[in-house]
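**Student:**
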Amino acid sequence: MIEHLLDLTVSAFLLAGLYATMAYGLGLIYGVLRVVNLNHGGMIMAGAYAAWWAHDQFGLDPYLSIPIILVLAFLVGVLTYAGLVRRLPRGAAGGVQSLLLLFGVWLILRNAAYLIFSGNDQTVLTSYSTKALPFLGAQISVNRLAVFGVALVTLGALHLFLTRTYVGKAIRAVAQNPESCTLAGVPVQRIYMLTFGLGTALASLAGALATGLYAFNPGFGATELLKSFVVVVLGGLGSVAGTAVAALILALVENFSILVIPSYLTSAVGFVLLVLVLVLRPGGLFGQRVLG
Amino acid sequence: MKPPRWFRWRPAAIVLGLAVALALLPPVARISVYTQNQLTLTFVTIAAALAWNWLGGYLGQVSFGHAALFGLGGFVAARLQISAHLPMILAWTAGGLVAGLYALAWGHPTLRLRGPYFSIATIGVGEATRLVCTYWDWFTGGSSGMSLPVTAGLKLQLYWYGIAIALVGVATSYWLRRSPLGMALLAIKSDVDAAGDVGISSVRLQDGVLFLSGLAMGICGAFNASYYSFIEPVETLGFEKSISFVFMGVIGGVGTILGPALGAVVFVLVRQYFIASYPQLYLGLFGVLLVLVILFEPLGLTGLSLRVARRFGYRERPDLST
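Here the protein sequences come in this chain order: S and Y.
Take the first sequence: its letter number 217 is residue 297 in the numbering used here, and every next letter is one higher.
Take the second sequence: its letter number 13 is residue 16 in the numbering used here, and every next letter is one higher.
#1: If Leu261 of chain Y and Ser176 of chain Y are in contact, beta carbons under 8 Å, what's the gap, nearest whole angstrom?
#2: What do you get for Tyr105 of chain Y, buried or exposed, if any count of 16 or more other CB atoms within 10 angstroms of its CB means buried?
#3: What are the start and end residues of the beta strand (DSSP E) that includes Leu213 of chain S?
#4: Leaving aside the five residues before and after Thr325 of chain Y along the sequence, list all residues of the same chain whose C-beta is less than 6 Å from its C-beta, in chain order.
#5: Look at the alpha carbon of Val165 of chain S and the alpha carbon of Gly157 of chain S, and state the distance between them as a whole number of angstroms.
#6: At a Cβ threshold of 8 Å, is Asn117 of chain S touching chain Y?
#7: For a test of the three-state rule: what should DSSP assign to Phe228 of chain S, helix, strand or coil?
#8: Residues in the same chain with beta-carbon distance under 8 Å from Thr96 of chain Y, minus the five sequence neighbours each way, listed in chain order, please.
#9: Below 6 Å CB to CB, which residues in the same chain sit around Thr48 of chain Y once its five sequence neighbours on both sides are set aside?
#10: So, for Asp201 of chain S: in the same chain, excluding its five sequence neighbours on each side, which residues have a beta-carbon less than 8 Å away from its beta-carbon?
#11: Rounded to whole angstroms, what is the Cα-Cα separation between Thr206 of chain S and Ala290 of chain S?
#12: With 16 other CB atoms within 10 Å as the buried threshold, where does Asn257 of chain S fall?
#13: Is the shortest distance between the beta-carbon of Gly277 of chain S and the beta-carbons of chain Y less than 8 Å?
#14: Tell me which residue opens and which closes the alpha helix (DSSP H) that Ala87 of chain Y is part of.
#15: Could you tell me if Tyr162 of chain Y is buried or exposed, where buried requires 16 or more neighbouring beta carbons within 10 angstroms of its beta carbon?
#16: Using CA atoms only, rank isn't needed, just tell me which of Y:Met220, Y:Leu157, Y:Leu284, Y:Phe289 is closest to Ile196 of chain S.
#17: For Tyr138 of chain Y, would you say it is in contact with chain S, using Cβ-to-Cβ distances shorter than 8 Å as the test?
#18: Can you give me the start and stop residues for the beta strand (DSSP E) that Ile220 of chain S sits inside?
#19: Could you have a look at Phe315 of chain Y and say whether DSSP puts it in helix, strand or coil?
#20: Please tell me whether Gly255 of chain Y and Leu304 of chain Y are closer than 8 Å, where the distance is taken between their beta carbons.
#21: Using C-beta distances below 6 Å, list every residue in its chain close to Val320 of chain S, excluding the 5 sequence neighbours before and after it, in chain order.
#22: On the CB-based measure, 16 or more other CB atoms within 10 Å of its CB, does Tyr344 of chain S come out buried or exposed?
#23: Under a CB-based cut-off of 8 Å, is Phe142 of chain Y close to chain S?
#24: For a test of the three-state rule: what should DSSP assign to Gln283 of chain Y, helix, strand or coil?
#25: What residue from Y:Glu300, Y:Ser66, Y:Phe10 has the CA that sits closest to Ala124 of chain Y's CA?
#26: Looking at the secondary structure, which residues open and close the alpha helix (DSSP H) in which Arg190 of chain S lies?
#27: For Gly241 of chain Y, tell me which candidate among Y:Phe73, Y:Ile17, Y:Pro7 has the shortest Cα-Cα distance.
#28: Cα separation between Leu27 of chain Y and Leu218 of chain Y?
#29: From Gly77 of chain Y to Asp140 of chain Y, what distance separates their C-alpha atoms?
#30: Measure the C-alpha to C-alpha separation of Ala264 of chain S and Ala253 of chain S and round it to an integer number of angstroms.
#31: Can you give me the start and stop residues for the alpha helix (DSSP H) that Glu235 of chain Y sits inside?
#32: How is Ser146 of chain Y classed by DSSP in three states: helix, strand or coil?
#33: Just to make sure I have the definition right: I need the residues of chain Y whose C-beta is within less than 8 Å of the C-beta of Thr303 of chain S. Which are they?
#34: Enumerate in chain order the residues of its own chain whose CB-to-CB distance from Trp9 of chain Y is below 8 Å, with the five nearest sequence positions on each side excluded.
#35: Which class does Phe300 of chain S belong to by DSSP, given the choice of helix, strand or coil?
#36: Which residues in the same chain have their Cβ closer than 7 Å to the Cβ of Val370 of chain S, if we skip the five residues on either side of it in sequence?
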């Protein structure tokens with residue numbers, strides 16, 4: 081029993097890395113542009129298919145294809161912003177219209193994936209897919225460990241980028257007050273574009289990483305979008321640490337819920353947690369209001 | 004007796020005349036069974052699209068999970084008819100009430116907050132409801148579904164009930180938009196704080212509209228189950244069902260009074276055609292349509308027709324727009 085609990089805890093920690101990565105992408109875009117990127121789920125799905133395709137066609141290891149996927153997804157994000165989101169009238173960008181617009185993009189991506197790759201479930205099988213390392217009597221799959229490592233490095237790099245570089249500071253400044261930034265000479269539109277690209281790249285990274293853990297099909301990403309949102313609401317915006325803790329909480333609650341509820345309901349756990357947080361602590365766990 | 008202030012004779016006469024003409028169609032014009040089926044389906048779809056719009060259009064709270072309410076109403080009504088042998092109308096009412104209360108259960112906490120919480124939560128509600136209903140086969144019949152009793156003349160009877168439901172939906176839409184209550188909803192949509200400052204209780208009104216929307220959705224779902232004499236969770240509660248209501252609203256014009264009704268008619272027609280000709284392109288084409296409408300004509304067909312009318316010298320009344 082103790083071993084089983086330890087197993088669940090360790091796997092929750094490792095899963096939290098993935099959750100934090102995908103949630104940070106959604107939170108970044110929301111924090112800076114006040115737009116909920118409903119296409120987040122679509123880009124997670126696209127990232128997964130990109131990693132699978134590179135592996136299937138060229139035998140490229142999913143972890144090695146990540147840099148290429150990141151660059152491509154960044155471009156997709158930049159184009160989505162410049163071509164679509166930017167055209168929405170001011171004020172509407174944060175509201176219903178951007179939700180519906182990005183939802184439309186998600187449907188198009190989903191349909192495209194369905195046409196190209198069919199609706200069948202796909203998996204990426206590598207030589208190390210079934211390997212596991214012993215840890216304190218528990219078994220840790222190599223894939224989970226690798227996913228966790230990549231997520232940790234990415235979030236660390238992101239934190240440094242946002243706090244230490246000029247562009248990163250500009251992004252945070254725009255999140256606080258775009259008008260003042262315009263006055264101070266920050267190219268706000270370009271920052272928006274960059275942020276949208278970054279958030280989209282993070283979504284596809286999460287998707288590529290997820291291929292090591294799950295099977296996926298064109299509908300992949302809907303549950304992930306919801307989980308990302310739960311983490312954003314729990315952890316508040318902007319802080320990498322808050323996101324990480326929130327991701328850990330979600331992963332722990334999900335993993336341990338297996339002990340008390342039937343497994344088919346596990347994917348509903350995140351949603352119940354979301355409603356509970358909204359009722360009990362609408363400002364998030366750490367007091368930063370997500371919406372003001 | 005003076006009619007209420009939101010009442011207008013001309014649209015009321017047009018809608019009623021249309022309803023009477025449609026009601027007389029089957030006995031007088033002897034339309035084919037296919038046409039009658041399509042029309043019945045259109046009536047209930049119109050009512051459902053309008054019910055979605057009360058929340059998504061009038062309040063700007065877009066729901067991506069209304070299939071959960073539609074399906075729940077259907078399952079409750081079906082179960083009551085099969086196990087408790089409740090009369091159809093009574094079962095429909097019960098289904099609607101349960102759907103309305105269910106909507107309140109998750110909508111009340113999420114609607115109080117600003118921004119897109121509600122919309123995101125609805126994605127989760129839709130998924131969770133589908134999962135639970137698929138696994139609770141003692142209640143829903145599981146993935147193999149449930150069959151309802153069929154009686155003689157039921158289809159024709161439901162044709163007329165469908166017209167009645169659509170009529171109630173249209174009347175409610177006018178009332179929710181044109182009455183002082185409708186002005187309050189518009190105020191909440193535009194600025195919650197300012198609405199609160201002039202004494203509008205946004206919590207109570209939003210909950211009320213949510214309940215109404217859920218009630219209507221549940222009744223539509225119950226109607227649908229009776230009409231097909233069959234209900235199962237995969238299609239009834241599927242994500243595509245949920246977003247079909249979004250499409251109807253967007254195509255017709257989100258927040259307009261009758262736009263979603265028009266959107267529902269177009270949706271039923273287009274869907275029939277696409278499902279027959281390009282089943283694999285169906286979602287993507289609607290996605291493209293969604294993007295184009297939002298970018299170029301956010302009020303959908305209503306906005307388009309207003310634009311055309313303006314070209315011919317028509318001066319619009321300001322309350323037609325969102």
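Don't be surprised by glycine CBs; every beta carbon is placed ideally from N, CA and C.
Please read these numbers as outputs of a predicted model, since none were measured by experiment.
**Tutor:** Once the coordinates are examined:
#1: 7 Å
#2: Flag for Tyr105 of chain Y reads buried.
#3: Where Leu213 of chain S is concerned, the enclosing beta strand (DSSP E) stretches over 212 to 215.
#4: For Thr325 of chain Y, the pLDDT reaches just 44, beneath the cut-off of 50, and the residue's location in the model is therefore unreliable, leaving the point undetermined.
#5: 10 Å
#6: no
#7: helix
#8: Ile222
#9: Ala267, Val271
#10: So the qualifying residues of the chain are Ala295, Phe296, Asn297.
#11: 14 Å
#12: exposed
#13: It does not: the Cβ of Gly277 of chain S has no partner Cβ on chain Y nearer than 8 Å.
#14: No alpha helix (DSSP H) holds Ala87 of chain Y; DSSP gives it neither H nor E.
#15: buried
#16: Y:Leu284
#17: Closer than 8 Å: yes.
#18: 218 to 221
#19: coil
#20: Taking a C-beta distance under 8 Å as the contact criterion, Gly255 of chain Y and Leu304 of chain Y qualify as a contact pair.
#21: Leu235, His239
#22: exposed
#23: Answer no: the Cβ-Cβ gap between Phe142 of chain Y and chain S never drops below 8 Å.
#24: Gln283 of chain Y sits in coil when the DSSP states are folded into three classes, being neither helix nor strand.
#25: Y:Ser66
#26: 176 to 197
#27: Y:Phe73
#28: 28 Å
#29: 15 Å
#30: Taking the straight line joining both Cα atoms gives about 10 Å.
#31: Taken as a continuous stretch (DSSP letters only), Glu235 of chain Y belongs to no alpha helix (DSSP H), as it is neither H nor E.
#32: It is helical.
#33: Neighbours of Thr303 of chain S in chain Y, taken as residues at a C-beta separation under 8 Å, are given in chain order as Glu130.
#34: Tyr177, Trp178, Arg180, Arg181, Ser182, Gly185
#35: Three-state DSSP puts Phe300 of chain S in coil, outside helix and strand.
#36: Only weak support is given to the placement of Val370 of chain S: the predicted model assigns it a pLDDT of 45, under 50, and the question is left unresolved by the model.
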